[in-house]
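First to last, the protein sequences are chains G, H, V and E.
Under the working numbering, residue 248 is the last one in the first sequence; the count climbs by one each step, no gaps.
Under the working numbering, residue 570 is the last one in the second sequence; the count climbs by one each step, no gaps.
Under the working numbering, residue 542 is the last one in the third sequence; the count climbs by one each step, no gaps.
Under the working numbering, residue 290 is the last one in the fourth sequence; the count climbs by one each step, no gaps.
Note that the Cβ used here is the ideal one computed from N, Cα and C, for glycine as well.
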Amino acid sequence: MPEALLEVAGLTAAYGPVQVLWGLDLRVMPGAVTAVVGSNGAGKSSLLKVLSGLLPATGGRMRFAGRDVTGAGSETLLAAGIAHVPEGRRLFRGLSVQDNLLLGAYLRRAGRYELRRDLDRVFSLFPILGQRRRQDATTLSGGEQQMCAIGRGLMARPQLLMVDELSLGLAPRAVDLLADALRSISNEGLTILLVEQDVLTALDLSSEAYVVETGRVVASGRSELLADDPRIRAAYLGRE
Amino acid sequence: MTPLLELRGLGKRFGGIDAVRDVSLSVAPGEVVGLIGPNGAGKTTLVNLITGVHRASRGAVIFDGQDVTRQWPHQAARRGLARTFQVVQPFPRMTALENVTAGALFAGAAGSVAAARRQAGALLDRVGLGEEAHKPAAILTLPSRKRLELAKSLAMKPRLLLLDEVNAGLNSSEIDDAVALIRSIAAEGVTLILIEHLMKVVLSLATRIVVLHQGALIADGTPAEVTADPRVVEAYLGAKFAQRQAKALVGVERA
Amino acid sequence: MSPSNATALLVWILALAATPLLGDNYVVKIATFVAFYAALALSWNFIGGMAGYPSFATAAFVGLGSYAGALVQNAGAPLAVGWLAGALASGLAAVALGAVVLRLRGHYFAIGSIALVEVLSLTASWWSGLTGGGEGLNVAFLPGGPDTIARVFLYVMLAIAILALGTTVVVMRGRLGFALRCISQNEDAAEMVGIPTTRCKIIAFVLSAIPCGAAGAAYASWVAYIAPADAFSILLTVKVPVMVMLGGAGTLIGPVLGATALVLLEETVWARFLDLHQAILGGVIVALIFFLPGGLVGLARRGRST
Amino acid sequence: MDAALLVQVVLNGILLGALYACIAAGFSLVWGVLNVINMLHGSLIILAGYLACSLWTEWQVHPLAAMLPVGLLLFLAGTALQVLLINRVVDRPVLTTLTLTFGLDMVLYNAMNAAFEATPRRVTLELGRLTLGEVVLPWDRIVAMLLALALTGLLYGVLRASRLGRAIVAVRMDREAASLMGIRVARIYALTFGLGAFMAGVCGALLAVVYPITTNATGQLLGKAFIVCVVGGLGTVPGALAGGLALGVTESLGGHFLGPQAAALLGFGLMLVLLVVRPTGLLGRKGYE
Chain G
9 MPEALLEVAG LTAAYGPVQV LWGLDLRVMP GAVTAVVGSN GAGKSSLLKV LSGLLPATGG
69 RMRFAGRDVT GAGSETLLAA GIAHVPEGRR LFRGLSVQDN LLLGAYLRRA GRYELRRDLD
129 RVFSLFPILG QRRRQDATTL SGGEQQMCAI GRGLMARPQL LMVDELSLGL APRAVDLLAD
189 ALRSISNEGL TILLVEQDVL TALDLSSEAY VVETGRVVAS GRSELLADDP RIRAAYLGRE
Chain H
316 MTPLLELRGL GKRFGGIDAV RDVSLSVAPG EVVGLIGPNG AGKTTLVNLI TGVHRASRGA
376 VIFDGQDVTR QWPHQAARRG LARTFQVVQP FPRMTALENV TAGALFAGAA GSVAAARRQA
436 GALLDRVGLG EEAHKPAAIL TLPSRKRLEL AKSLAMKPRL LLLDEVNAGL NSSEIDDAVA
496 LIRSIAAEGV TLILIEHLMK VVLSLATRIV VLHQGALIAD GTPAEVTADP RVVEAYLGAK
556 FAQRQAKALV GVERA
Chain V
237 MSPSNATALL VWILALAATP LLGDNYVVKI ATFVAFYAAL ALSWNFIGGM AGYPSFATAA
297 FVGLGSYAGA LVQNAGAPLA VGWLAGALAS GLAAVALGAV VLRLRGHYFA IGSIALVEVL
357 SLTASWWSGL TGGGEGLNVA FLPGGPDTIA RVFLYVMLAI AILALGTTVV VMRGRLGFAL
417 RCISQNEDAA EMVGIPTTRC KIIAFVLSAI PCGAAGAAYA SWVAYIAPAD AFSILLTVKV
477 PVMVMLGGAG TLIGPVLGAT ALVLLEETVW ARFLDLHQAI LGGVIVALIF FLPGGLVGLA
537 RRGRST
Chain E
2 MDAALLVQVV LNGILLGALY ACIAAGFSLV WGVLNVINML HGSLIILAGY LACSLWTEWQ
62 VHPLAAMLPV GLLLFLAGTA LQVLLINRVV DRPVLTTLTL TFGLDMVLYN AMNAAFEATP
122 RRVTLELGRL TLGEVVLPWD RIVAMLLALA LTGLLYGVLR ASRLGRAIVA VRMDREAASL
182 MGIRVARIYA LTFGLGAFMA GVCGALLAVV YPITTNATGQ LLGKAFIVCV VGGLGTVPGA
242 LAGGLALGVT ESLGGHFLGP QAAALLGFGL MLVLLVVRPT GLLGRKGYE
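Next up, the structure:
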């Protein structure tokens, strides 16, 4: 049983009185793209918020890269190597594309040359960002903003990149472009945890997948198998 | 038959850029029109112009033969021109029942607060939120909040209902339930405009599709015509969709 | 309105009304101040509590009422006409100023409402022809002995407070109250369900201005002299929302409770520590925010529920 | 109305406007980033003025030299105040935070009255005057203007170019997303409030050279900060500069044509017009609520 990069056991969490995670277990293998699908309000985004420290867990254990990080804050989790590309992108208005990307590396206190190299790596992955580096990030189109948000996550040189709702509000064509970009990032060895509403895209992109219902895992396994599983097709691919 | 809604050369300029350019369109009573287009194409801006959230820079909005270009949103609501929000907008600290009561009391012009409350209760049962009636809206799950938004719009007794991405964020089986609900609303004769990214929804409901790209109408026709139109595929749908679509069109049965 | 609230309010009204029988003129004066501030706190509740607009414009309407009342009285009209003039002036001003200031939200509205107080104060001191400018204005004196004067103003202030209370009950139960609650929770959604938000906000603003105008005019005749700085006092315009918060915002008896508590507190503090009076009041406000977030009503409710 | 007089009045307005920009910059930063209307700001400026004056009378430390130490002292006081009190209510609505800082202001105002009595005091600089044709400008005002512009420029540099500055802007725009970048939001709030108090400190010391320092002025200074923020645009240093200069020139012209009281009235009038026509201000951005 190879060592998992991220291991979550019995995770529970709540927004005030409303409990959203009911004992969730998950393993993310290094180098792979793992997808988490499930109906909305099932707790997918809440899971990522717990993993990035935005939402405190009320129970369960979390291990990352061989270390117990249960209850750690955003800063510690990012330092450990977990970068979170939040739902809705949430770029910083009033700051340029480049400043937004530089903020991704805020914690690393890296020198000028190192930052220059990281920026160039992002601009090679997303050339459009290079052309618009001086522009206010929030004036970009939805797809370009998603690229900038992913680039900002990469600037932290994470071991695990968590992407929340890649396709929300984007035209199918933009989603295809972004999916290809994630594939190339993964091929370079970066582990990706993708929370995605569009089940087809999610299973197409990932090798492992988890199906989450009301805050707990109800099915998991290799993505191709899940894609053909009649129960999953009925539940998530509707009556097609 | 005089159209229920008519847009004549509608335009809107936001600080230098034309969010909506010279849109002319008419919708007959009872039609179910799909409004699609890439992100930033001006779909939500167009809805905002029709419902008076923004003032048109050019052109006119005619509703039931009356020029309503300069109307306030509350006047649109009282005329039976209702819309749902892309990001659901409940009254957070009010219960689901009170949220729907607000729709019935004001735009729905119910006689009294008590009468509005009764109408709201019936509508909540219809959308399947009966047992969550007394929960504060803020703690409802997203699918329930979407159904709450639909119930609130119905309480306003609309003649034209603009559904702005009411299914965004739902998974496929939740979408099927929502589609069934929307189909029952259309069956009551409410004219619908569906603003959507989810082609699955548009294809199973719309009798006609209008495509907006960079603020202008680039296609207007039946679902089959529009999804085959090369300009639409290039601007919005993307090649991968075309193959999946070809396969899916064979499988989709429409009631 | 729950029976316990009704009895509490009735006891409060009777207690104030009975002070001329029980105590000397000093006690009556304090009771008059309690009624005066209760009227202001209840008025603030229409725009601050129900519509959720953090208004610091109370002093603008009180000052406007004072000047309007004073000018009408000095022109020979009887006192009561002066008080009505004060109410009318503030009500009309609320329509005009509301159309301007109510387009703003949150912090901008708070700043805009404070600016109203400052602008009116500067105008009063600048327009000396009408208002006597910086030196202020003497107001026609009410004939009659000190006891009758004290009693008259107690009952006038109490009447204004009861009027504001009655209006609050009526509004809270009807369509306007429901509309204001919608506006305070999500104004855009309120507009979307058919609520004419601008008109409802202006009505709430006017309702919050009229009792203040009347109370301001009555206050002017009571102290018989007004000047711009204390008619349009920034301290008063902040103290009133503090009273509502002390009592419990958005409730019926909160404003009344808060006004009574703060006036009595100030009286005891003022008497003992004259030069540290302001620092102590400031300290009370700071303590209130940390230890009584829900106000006294919140405290009572918490007491009952545990 | 000959040209020279007009130039003189406008230049006086610019000299005044630079001071107003400096007065408002710290207030605007705290309002923009923490979303807190800091009613203490006026009193902090006057406190700094008193400290500078007493440093001058007791130890002959010149106010312009005292600017930095007084500024740092207020920085520490501001940071401590934010960590101990304000941080616990930073999420509460404007009614709570405004009332809290108003309560604190009453305490500081009363304490200063007790400590320094209200007799106005000032440090006069004998630097003579600069004459350009018929236009006469006192040197102390020019020096004050240049220092005020330098301070505002320094703040702008910190916000724009430094890592701390980017973090402050990030927290202002989206607090949760900022914490995803590993930014400790509470620390940024404390430093920002401290920075605001630092600006009040250096500006107070600078003011002691130009205006009489008295607790009666705290309300006026706060009023100016309100107007400059609304007119110029919230939470941006260029906004504070634009608003400051606009107010300075308006008051100077108003004062000249209609008298001193009219000047103050015009200032608030300008604000109310801007509040309605362009609530985001000349350079500001929409959407903080």
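- The beta carbon of His512(H) sits closer than 9 Å to some beta carbon of chain G.
- Under a criterion of Cβ atoms nearer than 7 Å, the residues of chain E adjacent to Glu354(V) are, in order, Gly224, Phe269.
- According to DSSP, Pro139(E) shares a beta bridge with Arg130(E).
- The continuous stretches of alpha helix (DSSP H) do not include Tyr218(G), which lies in the beta strand (DSSP E) extending over residues 216-221.
- Under the three-state reduction of DSSP, Ala251(V) is assigned to helix.
- Inside the region 493-544 of chain H, DSSP marks whole alpha helix (DSSP H) runs of 4 or more residues at positions 514-520, 538-543, from first to last along the chain.
- In the DSSP annotation of this structure, the continuous segment of the beta strand (DSSP E) that includes Thr20(G) starts and ends at 14-23.
- Taken through DSSP and simplified to helix, strand or coil, Ala360(V) comes out as helix.
- Under the three-state reduction of DSSP output, Ala375(H) falls in the strand class.
- Distance between Arg328(H) and Val362(H), taken at the CA atoms: about 15 Å.
- DSSP places Lys475(V) in the helix class (H, G or I) of the three-state scheme.
- At least one CB atom of chain G sits nearer than 9 Å to the CB of Leu485(H).
- For Phe329(H), the enclosing beta strand (DSSP E) starts and ends at 320-329.
- Counting only residues of its own chain and dropping the five nearest sequence neighbours on each side, Arg336(H) has a CB closer than 7 Å to the CB of Gly326, Gly530, Ala531.
- Within a 10 Å sphere around the beta-carbon of Met481(V) sit 16 or more other beta-carbons, which makes this residue buried.
- As the crow flies, the alpha-carbon of Ser163(E) is around 10 Å from that of Leu156(E).
- Restricted to the region 155-216 of chain E, the alpha helix (DSSP H) segments that are unbroken, complete and at least 4 residues in length are 164-174, 176-181, 186-211, listed in chain order.
- For the region 15-27 of chain G, the residues whose beta carbon sits under 9 Å from a beta carbon of chain H are, in order, Tyr23, Gly24, Pro25, Val26.
- Contact of Leu420(H) with chain V by beta-carbon distance below 7 Å involves Arg411, Phe414.
- When the five nearest sequence neighbours on each side are left out, the beta carbons in the same chain lying within less than 8 Å of the beta carbon of Arg239(G) are those of Ala227, in order along the chain.
- Cβ atoms of Arg462(H) and Val442(H) come within 8 Å of each other, at about 4 Å.
- Less than 9 Å separates the beta-carbon of Leu75(E) from that of Gly205(E).
- Within chain V, the C-beta atoms nearer than 7 Å to that of Ala263(E) come from Trp362, in chain order.
- According to the DSSP assignment, Arg125(G) belongs to no beta strand (DSSP E) but to the alpha helix (DSSP H) extending over 120-133.
- Taking Ala210(G) as the centre and dropping the five residues before and after it, the same chain places the C-beta of Ala43, Val45, Leu202, Glu204, Ala217 closer than 7 Å to its C-beta, in chain order.
- Here Leu266(E) is not near Ile24(E), since their CB atoms are 9 Å or more apart.
- Within the region 271-286 of chain V, not one residue has a Cβ closer than 8 Å to any Cβ of chain H.
- Excluding the 5 residues flanking it on each side, Asp379(H) has same chain C-beta neighbours closer than 7 Å at Leu319, in chain order.
- From the listed residues Asp107(G), Leu198(G), Ser60(G), Gly151(G), the smallest Cα separation to Thr78(G) is found for Ser60(G).
- Against chain H, the beta carbon of Ala485(V) has no neighbour under 8 Å; the closest one sits roughly 13 Å away.
- Of the other Cβ atoms in all chains shown, 16 or more fall within 10 Å of the Cβ of Thr199(G); this residue is therefore buried.
- Under the three-pair Cβ rule at 8 Å, the region 11-25 of chain G counts as touching the region 33-43 of chain G.
- By the criterion of a C-beta distance shorter than 7 Å, Val308(V) is surrounded in its chain by Val317, Gly318, Ala321, once the five residues flanking it on both sides are discounted.
- Leaving aside the five residues that flank Leu103(G) on each side, the residues in its chain whose CB is nearer than 8 Å to its CB run, in chain order, Leu111, Asp144, Ala145.
- Contact annotation: Arg398(H) and Thr360(H) have beta-carbon atoms that are not nearer than 9 Å.
- Assignment of Pro451(H) by DSSP, reduced to helix, strand and coil, places it in the strand class.
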